[in-house]
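Trainee:
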Amino acid sequence: MEPPDDLDEYLRGDSALSRQYRRESAPTPPHALDRRVLGLSRGALGLSDGAHGPARRLTPWLAPLAFAASVLLSVALVLAIVFGPQTTQRVDDAPRLVRVAAHPDASANPPLNRRLQLYSSDPKLARAPSVWLADIAALRRAGRNSEADEELRRFHSAYPDYSTGDLAIRP
Amino acid sequence: MLEPMEPLDEDAKLMVRYRDGDADAFSTLYARHKGPLYRYLLRQVRNAGAASDLFQDVWSRLVATRSRYEARAKFATYLFHIAHNCTIDFFRRDLKMRRTARSDDADTQAEPEVPEYQRPDGIAEFAEQQSALLAALGALPQEQREAFLLHEETGLTIEEIARVTQVGVETAKSRLRYAIRKLKKSLLPAEIPVRRYGRERFEQHAINGTARRLG
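Protein chains in written order, with the working numbering: chain A, 1 to 171; chain B, 1001 to 1215.
1. By the 8 Å beta-carbon criterion, what residues does the stretch 1159-1193 of chain B contribute toward chain A?
2. According to the neighbour-count rule (16 or more other Cβ atoms, all chains shown, within 10 Å of its Cβ), is A:Ser157 buried or exposed?
3. Is the distance from the Cβ of B:Val1169 to the Cβ of B:Ile1158 below 8 Å?
4. Tell me where the alpha helix (DSSP H) around A:Asp8 begins and ends.
5. Give a yes or no on whether the minimum CB-CB distance between A:Arg35 and chain B is below 8 Å.
6. Taking the runs of the alpha helix (DSSP H) that are 4 residues or longer, which of them lie wholly in the stretch 1127-1190 of chain B?
7. I need the DSSP call for A:Pro250, collapsed to helix, strand or coil.
8. Please compile the residues from chain E whose C-beta is within a distance smaller than 8 Å of the C-beta of A:Asp6.
9. If we ignore side chains and look at the alpha-carbon of each, how far apart do A:Tyr159 and A:Ser130 end up?
10. Going by Cα to Cα distance, which pick from B:Ser1052, B:His1033, B:Tyr1018 is closest to A:Ala32?
11. From the beta carbon of A:Leu38, is the nearest beta carbon of chain B less than 8 Å away?
12. Say whether the stretch 1064-1077 of chain B touches the stretch 1089-1099 of chain B, bearing in mind that this needs 3 or more beta-carbon pairs closer than 8 Å, one atom from each stretch.
13. Determine the direct distance from the alpha carbon of B:Asp1104 to that of B:Ala1083, and round the result to whole angstroms.
14. Shortest alpha-carbon distance to B:Ala1050 belongs to which of B:Ala1076, B:Val1016, B:Phe1091?
15. Taking a Cβ distance cut-off of 9 Å, strictly less, list which residues of the stretch 1061-1091 of chain B are near chain A, in chain order.
16. Assuming B:Ala1076 and B:Leu1156 are in contact, meaning their beta carbons sit under 8 Å apart, how far apart are those beta carbons, in whole angstroms?
17. For A:Gly13, which residues from the same chain have a beta carbon less than 8 Å from its beta carbon, with the 5 sequence-adjacent residues on both sides left out?
18. What residue range does the alpha helix (DSSP H) around B:Asp1011 cover?
19. 8 Å is my cut-off, CB to CB: does A:Ala63 come that close to chain B?
20. Among the residues of its own chain, which have a CB less than 7 Å from the CB of B:Thr1154, if the five just before and after it don't count?
21. Should A:Pro29 go down as buried or exposed, given a rule of 16 or more other Cβ atoms within 10 Å for buried?
22. Taking the beta carbon of B:Arg1046 as the centre, do at least 16 other beta carbons fall within 10 Å, making it buried, or is it exposed?
23. Assign B:Arg1046 to one of three DSSP states: helix, strand, or coil.
24. Within the 8 Å Cβ cut-off, does B:Gly1035 reach chain A?
25. Helix, strand or coil for A:Leu152 per DSSP?
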């Protein structure tokens, strides 16, 4: 005798068997496999693997923009290398040039210990007498007498035996 | 042979769009079918590595033949027709490899022609990690298992299953019928604990009643 046919009942849907099957774990492909297949599908159309819709639309703008930015950055870098250090040197030299103008003799015979002024706190080592006196004379000519007096006082304490001539007299 | 059919389903439209160059259409199509296809392959070959290889192979073939795609049938029948062919190829290769290995080893005693994926030890090992239903599904003959999976995973009708597996409708029907009958039997042992629990409770009541009478 033919056993009762369960097929019709099963095909009607929502059978106990189907419910049980749906309760079972439902494994899905690993993400790496997803990426591979999607990359494959895009590659077949001549698109890059990771390119999505909006990114593709931006690409025509991004490429020249990136190129222009690279060129700009390169030019700026070259300018900074070529002109950067010289500009800095001019700024450092500016005070010396002013002093040279204030004392014509100093330009002819620059003091040997001039560089020590930058590194030493010792008044004797700070400036040579002739340069110091030239600075004081410049202050006098500029009418900055109180500063000139103060500098002269410091000069005497540093060089007590040095003759300062008429620099002590205010005009 | 796939026959002309009813109006295009949504998936077939997506496939046509992909054929015409729309990559996003493929992404949608893939998201809809990746789970059912992966489970169909995994439960057919019962090996995660082989299932992953076949999964990629199926999609590769779909992509490679997209220019020839015509929406003459439900997309699922098209996709699973490819999957069916890939699976059959896999089983043939597997059988051939083991035959070659056996012929190379002449000293070894001849074994019966049972594919590795159907060996009792392999099935038992696989079944340890599965429920009774999935273990019973794994123990089915491949054709019956396939018929059941095609219906459960994709909702294909018997006519569509027949088309995918390239057999007559009656054959497909018969395979599905046998599969259901065997699988339903696997659900029966689940009732045993309930019966046991009922009997234990009955016995406990009886003991309590006796104790009360004696007390």
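A virtual CB, placed ideally from N, CA and C, is assigned to each residue, including glycine.
Mentor: In this structure, then:
1. Contacts with chain A (Cβ-Cβ distance below 8 Å) from the stretch 1159-1193 of chain B involve Lys1173, Leu1176, Arg1177, Ile1180, Arg1181, Leu1183, Lys1184, Leu1187, listed in chain order.
2. exposed
3. yes
4. Counting along the chain, the alpha helix (DSSP H) containing A:Asp8 begins and ends at 7-11.
5. No, its Cβ sits nowhere closer than 8 Å to a Cβ of chain B.
6. 1132-1139, 1142-1154, 1158-1165, 1169-1187
7. With chain A represented from 1 up to 171, any question about residue 250 of chain A goes unanswered, as that position is not in the structure.
8. Included in the structure are the protein chains A and B, with no chain E among them.
9. 11 Å
10. B:Ser1052
11. It does; some Cβ of chain B falls within 8 Å.
12. no
13. 32 Å
14. B:Phe1091
15. Leu1062, Val1063, Ala1064, Arg1066
16. 6 Å
17. none
18. 1010-1019
19. Answer no: the Cβ-Cβ gap between A:Ala63 and chain B never drops below 8 Å.
20. Pro1036, Ala1076, Phe1080
21. By the 10 Å Cβ count, A:Pro29 comes out buried.
22. buried
23. coil
24. yes
25. helix
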